[in-house]
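> Protein sequence lines, in the order shown, are assigned to chains C, D and U. Per the numbering used here: the first sequence ends with 784, consecutive numbering throughout. Per the numbering used here: the second sequence ends with 305, consecutive numbering throughout. Per the numbering used here: the third sequence ends with 234, consecutive numbering throughout. Positions of the beta carbon are idealized from the N, C-alpha and C atoms, including for glycine. Predicted, not measured: the structure shown is a model, and the values here were computed from it.
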Amino acid sequence: MTAVEERPAREVGSARKRREDAHLITGRTQWTDNITLPGMLHVSVLRSPVAHGRIASVDVSAARGLPGVVAALSGADLADDWGSLPTAWTVSEDLKTPPHLPLATDKVRFVGDGIAVVAATSREAAVDALEAIEFDIEPLPPVLDMTEAVADGAPLVHDDVPNNRCFTYTEHHGNYSATRERAEVIVTRRFINQRLIPSAMEPRSVVVQPTGADEYTMWTSTQVPHFVQIFMALVTGIPQQNIRVIAPDVGGGFGSKLEIYAEEAITLVLAKRLGVPIKWTETRSEACQVTIHGRDLIQHAEITATRDGTVLGLKVDLIANMGAYLQLLTPSIPLLGRYMYPGIYKFEAHDLSCTGIFTNMMSTDAYRGAGRPEATFVIERMMDELAAELGMDPLEVRRKNWINHDEFPYTTVAGLEYDSGNYEAATDRALELLGYDALRQEQAARRDRGDTVQLGIGISTYTEMCGLAPSRWLGETGYVAGGWEAATVRVLPLGKVEVVSGTSPHGQAHETTFAQIAADALGVPFEDVVVIHGDTRTAPIGLDTYGSRSLAVGGMAIVEASRKVVDKARTLAAHVLECDVSDVEFSDGKFSVRGSPDAAKTIQELAFASFTAHDLPGGESPVLTGEAIFDPEVFSYPHGTHLAVVEVDTETGEVKLAKYVAVDDVGKVINPMVVEGQVHGGVVQGVAQALFEEAVYDDDGNLVTGSFVDYLVPSPADLPSITTDRTETPATTNPLGVKGVGEAGTIASTPAAVNAVVDALRPYGVNDVRMPCSPMRVWEALNQARGGAQ
Amino acid sequence: MIPAQFEYVRAGSVDEAVSALSEDAKVLAGGQSLIPLMRLRLAYPEVLVDVSRVEEMRGVREEGDRLVIGAATTHDEVLRDPLVRTHCPVIAEVTATVADPAVRHRGTFGGSIAHADPAGDLPALALALDATMTIAGRGGRREVPAAEFFVDYLQTAVAPEEVLVSVSLPKLSEGWGHRYEKFNRSAQAWAMVGAVAVVQRSNGTIGSARIGLVNVGSTPVRAAAVEAALAGADATPEAVAAAAEAATEGLNPTTDIHASADYRAHLAHVLTRRAVVAAAGM
Amino acid sequence: MRLEHEFTVPVPVEQAWHVLLDVERVAPCMPGATIESVDGDTFAGKVKVRVGPVTVAYSGTASFLEKDAATRRVVVQAKGRETRGAGTAAATVTAVLLQVDDGTQVNVETDLAITGRPAQFGRGVMDEVGAKLLGQFADCLADRLGAGEAAPAAGETPAGGEMAGEPVAAGQPETAAGPEAAGPAAGTTGPASTGTRPAEPRPTPDTINLVQVAGGSIARRVVPVVAVIAGAIIVWAVVRGLRG
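1. Mind checking if C:Ser42 is an interface residue toward chain D, Cβ cutoff 7 Å exclusive?
2. Scan the stretch 671 to 696 of chain C for residues whose Cβ lies nearer than 7 Å to a Cβ of chain A and list them as they occur along the chain.
3. With DSSP as the reference, label D:Ser42 as helix, strand or coil.
4. Which of the three DSSP states is assigned to U:Phe54 in this structure?
5. If you check the beta carbons only, do D:Ala298 and D:Ala214 fall under 7 Å apart?
6. Restricting to Cα atoms, I'd like to know which of C:Asp719, C:Pro464, C:Thr214 is closest to C:Ala424.
7. For the stretch 327 to 401 of chain C, list the alpha helix (DSSP H) runs that are entirely contained and at least 4 residues long, ordered along the chain.
8. Strictly by DSSP, which residues pair up with C:Gln448?
9. By a C-beta neighbour count over all protein chains shown, 10 Å radius and 16 as the cutoff for buried, is C:Met355 buried or exposed?
10. Under 7 Å, Cβ to Cβ, is there at least one residue of chain D near U:Arg107?
11. Alpha carbon to alpha carbon, how far is C:Glu368 from C:Asp658? Give it in angstroms, no decimals.
12. Is the CB-CB distance between C:Glu492 and C:Ile535 below 7 Å?
13. Identify, in the order they occur along the chain, each residue of the same chain with its Cβ nearer than 6 Å to the Cβ of U:Val213, setting aside the five sequence neighbours on each side.
14. Could you pull the DSSP bridge partners for C:Gln581 from this structure?
15. Have a look at D:Ala302 and D:His201 and give me their C-alpha separation to the nearest angstrom.
16. Hey, could you find the ends of the alpha helix (DSSP H) C:Ile788 is sitting in?
17. Looking only at DSSP bridge pairs, what is D:Met215 linked to?
18. Of all the alpha helix (DSSP H) runs that stay within the bounds of the stretch 37 to 83 of chain D, which reach a length of 4 or more residues?
19. Measuring CB atoms only, is the stretch 508 to 527 of chain C touching the stretch 448 to 462 of chain C, in the sense that at least three cross pairs come out at less than 8 Å?
20. Could you name the residues of the stretch 68 to 84 of chain U whose beta carbon sits closer than 9 Å to any beta carbon of chain C, in the order they occur along the chain?
21. Do U:Ser49 and U:Thr73 have their beta-carbon atoms positioned less than 7 Å apart in this structure?
22. Measure the Cβ-Cβ separation of C:Gly62 and C:Thr26 and say whether it is below 7 Å.
23. Inspect the CB distances between the stretch 181 to 196 of chain D and the stretch 68 to 87 of chain D and report whether three or more fall short of 8 Å.
24. For U:Glu(-6) versus U:Glu99, is the C-beta distance shorter than 7 Å?
25. Could you tell me the boundaries of the beta strand (DSSP E) in which U:Glu72 lies?
26. Report yes if the C-beta distance between C:Pro388 and C:Asp378 is below 7 Å; otherwise report no.
27. Around the Cβ of C:Gly365, are there at least 16 other Cβ atoms within 10 angstroms (buried) or fewer (exposed)?
28. Could you name the residues of chain C that U:Ala34 contacts, counting a contact when the two beta carbons are closer than 7 Å?
29. Taking only runs of the alpha helix (DSSP H) that begin and end inside the stretch 583 to 621 of chain C, which ones reach a length of at least 4 residues, in chain order?
30. C:Ser709 to C:Glu118, Cα distance in whole Å?
31. Judging by CA-CA distance, which residue of C:Pro591, C:Lys653, C:Val44 is the nearest neighbour of C:Gly429?
32. Can you tell me the Cα-Cα spacing of C:Met140 and C:His674, whole angstroms?
33. Please report the residue range of the beta strand (DSSP E) in which U:Asn97 lies.
34. Quick check: is the beta carbon of C:Arg117 nearer than 7 Å to any beta carbon in chain D?
35. Pull out every residue of the stretch 700 to 718 of chain C whose Cβ sits closer than 7 Å to any Cβ of chain D, in chain order.
36. Does any C-beta atom of chain D lie closer than 7 Å to the C-beta of C:Glu641?
Given below as structure tokens:
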């Protein structure tokens, strides 16, 4: 144990294979649904088939007598067992937060709203028993169209929310109307940022085991075990310390598991009532129907500019579909993008308004990017539209307006201070990788010869505010919690290391990248570090994963905690080596006396010495442990330039993504392979919004894209190879220089792909295609541009 | 989701299968359409009769100038079969587009035809090739030509107590070309519209053309008017384009969330033209 | 969702009107339906429709909301719940008869709302199925009218206005004693009041080629055209949505 191990090359920056993968790809995962406990009952939820209606009766008695059925309960039966599910962000003073019980009692407000539950000895028996529940719902006219919802006399989703208006919000930066007067060009567009289904690979699942007197362990497929613990205590009245929440392996979330769901409360309350373990697992149809949806905004945008392409101002009016109830962050999502509408550009005025509207649909909430893709879509589409209006190359307009690398730090018109960036470098690299000039020539040639298949090149730059933290900022904007993150680093007696993090992954690579960070900070081998997370008992302090914060906030906490360990070890080393602390040098895991390199102790030796406590310096406690909480003062700002090339068949409307280049600047990179994976996944998700995916409700409020037959998640067969590269401009606001990458790919890819489609069709007179740019929509846009002739 | 309870019978022979069938039973082959319906409880047969191991219903064999494909032969087996590739490669071309590899390893040629989904690839192919279906019932066996097989939406000439045993298709000699133009929104999706063309070309003219259309009505259909217009026509893109205008004559294409009736009709024209042009080697 | 259909039967409007209101006479033309009870203008029953492997079964009620002899307008409301699921189907059907040269033109407007699993898995192509089913219904009705006895009240044309616009509340027997009372009043038609006519024979389900009707054990097959159409439409839509 005393041998000083050779440390490999620096861990940070090396493309370590993901430690998580071996068990993920060999079937040794512990998904929540894999958990089976003795005596466990299975729960199934009876869901409203009606989008809007008054519950006249729910009679569960016939279900109670069926084989295997242990309990059948209606919303009314359970009404006293819980309170309303939480909303954590009071975005405005006029925000309406109507009650949201886990099971409806008075009205149903969307197709899928739970009205009763059955617990049975098998899942099959539970589902069978649902058929025996008698209920009578008096249908009410559904509220499905946002513009109609706010009209006087429209039906009300919540009787006490007039005009279905959830909140209104405005921001003014600079004097927009003055820019309008001076403007030589004004371009307006209306964009529909459609509703999306997050489609995580693992549907949700919850298991609750009673472990003592009113004590429970809950396994749940969540991004936010700490939030679940807090809010389950608040919703059910069970003391917080009696609820242990574990997020085992979690198979994707994209924001959809940043949530407190009805089924978590249902499972917990049934475990409490029945005293046995309870499991609920979502079917894929339920995942489409009752797991939160993303986006769903109508965006009116107006940009003012001078003839030379200088942007003066941007005005954006949003109406945002909340769905039927407010989930954890619902009202904040459209506003999370409020500062991002100016993108990477310099201009003098920006107005923004947003109205949140209740409808009889599933709630919307955070979906990869959460507000920032929506904002980037508007500014990047508008830059293209402005370029077209001015007859300029879309790149030229961007160059003319973006913040140059020598202008950082730069405070945008929306008031954010961007610390660093190099938009020129990222863009130049992207153009080079794409072969931009050659493709423009190819495009011109196809246009000249009237080729059936036209080429379109789409550009999108982006930046985003990452590392959702500054607690002060969160407080000022009405968020209920802080944004710090915690870490504990322990060097065990035998010199191995445990890193405890308050953020747990749902498909990222915390166990790999956090170990890389700690290995470097402590000078120990990567293999010697284990990362512990996702259990409120073993990692009790934390604020979980969302908003590209795990590295920029949680990673920094690990750096800080490691520093504390090193400081403590240094004190011990000085004691053991009989020198002054200031003379102890630390390098590669070894503490040595300045000028006497042979007089040295490894961190492993010191860990054991600390553990024995035989000879500690005065006042020092045994065990080499450091704890830290990191709460950054500001956001981090990754950026990048994405280029998409599409081929559009002008006869059929088919759009094929032919080529895609993403050059991202996410600051310092811990593990390039992980970053590349994040960019690939993000790009595909963004392109999916542009070209494939859309959640559709019919006129009665039925979700008609209720399976993957109709909700089209693209597969690798639908996409080209994605070329990725990076520029690296370290963040100046944290010691690691990191910025975050979890959402980056999704943000630029949607406007890049749509810009490419519109670019291909511009000569035909098309200046927008509604997302997703399906073949029929392209064909219709062409027909319309041609004057309706087919 | 969770299917309702059912009984399962594994048939060892066609006779066993037939004797296990009833009004409330369904034949299970690859299960790629039936099982999802059952899981959603939109289908709840009381008995499933599994024919996937009935020897007689598997594999491809020659019978004179025809190929006979056992109904329970998987798509993957069909598209790799040397007889198919030699004598009727259009079958392999179309089969290769069915869903994805996982589905093709379970789903069967006969299952797809017996399910008779107008959006399926194989029913239109069977129709275009004038296939003959062999159906077994308690009273023995009968042969039904494709033109009489597809009765209506998901409805075929196979009665509840019957099972489709095999499908007989003609070998196509040297002078025939083929092309399947499948148009879908994502690689694994069902065809929004499809056109399969088998064309015989000689001396600059089109001798004969057979065209099947996918997903333009409640059954697969033959583009009979286009076939008639093409017979003896010049083998030029212009002549084909003119003939293809008749692709949806007499049809009433459907509207769904992915495609309106107008758009389907438009696609039927374009895809028919493209399929014929390619099949004729232009 | 609204569906509109139109067909013509080769009989005078008066005759068609009486037949249309006569559940006993009309019902056998409806594929897949069985009636379980009659209470005034409200009929409770089941509809079970099969298309290929798919079965959708509803139990529910249908009632006349309005019968206006003057404008030859009937409004029927049908509501059903899936017998094996939480889904519902509700339809309001308005049928209007018009005298035309070669008989009676029947315009049917259906306002259909389908919920539950069937609605969740894609739609499309409903008009076609609806039209087909209604077509079968029309053929059957026309056959019956052509082959059957003349309507007893055919000669007594009600004076326009006497009955105009008088709605009939659901579930209540029609009490109006207009000229129609001379014939077998539709509103009082029920199992107990059918003695004046021989019961219609059951149709053979095998004759229905689109929808293979599940055989019912109850002798009389009756009621709402709408529900049947709805059922078949749902099945159609669902299967189209489900090609996994």
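Inspection of the coordinates gives the following:
1. no
2. No chain A is present in this structure, whose protein chains are C, D and U.
3. helix
4. strand
5. no
6. C:Asp719
7. 327 to 330, 366 to 384, 388 to 395
8. C:Val642
9. buried
10. yes
11. 19 Å
12. no
13. Here U:Val213 scores only 37 on pLDDT, less than 50, and its place in the model should not be relied on; the value that follows carries that caveat. Closer than 6 Å at the Cβ level, and outside the excluded window around U:Val213, lie Ala17, Ala23, Ile25, Phe33, Gly35, Ala52.
14. According to the sequence as given, residue 581 of chain C is Ser; it is not Gln. Paired residues: C:Lys584.
15. 4 Å
16. Not covered by the structure: residue 788 of chain C. The range shown for chain C is -5 to 784.
17. Beta-bridge pairing links D:Met215 to no other residue.
18. 37 to 43, 57 to 62
19. no
20. Arg71, Glu72, Thr73, Arg74, Gly75, Ala76, Gly77, Thr78, Ala80
21. yes
22. no
23. yes
24. yes
25. 63 to 72
26. yes
27. buried
28. Those do not exist, as U:Ala34 stays about 15 Å from chain C at its closest Cβ, beyond 7 Å.
29. 597 to 606
30. 31 Å
31. C:Lys653
32. 34 Å
33. 93 to 104
34. yes
35. Asp704, Leu706, Pro708, Ser709, Ala711, Asp712
36. no
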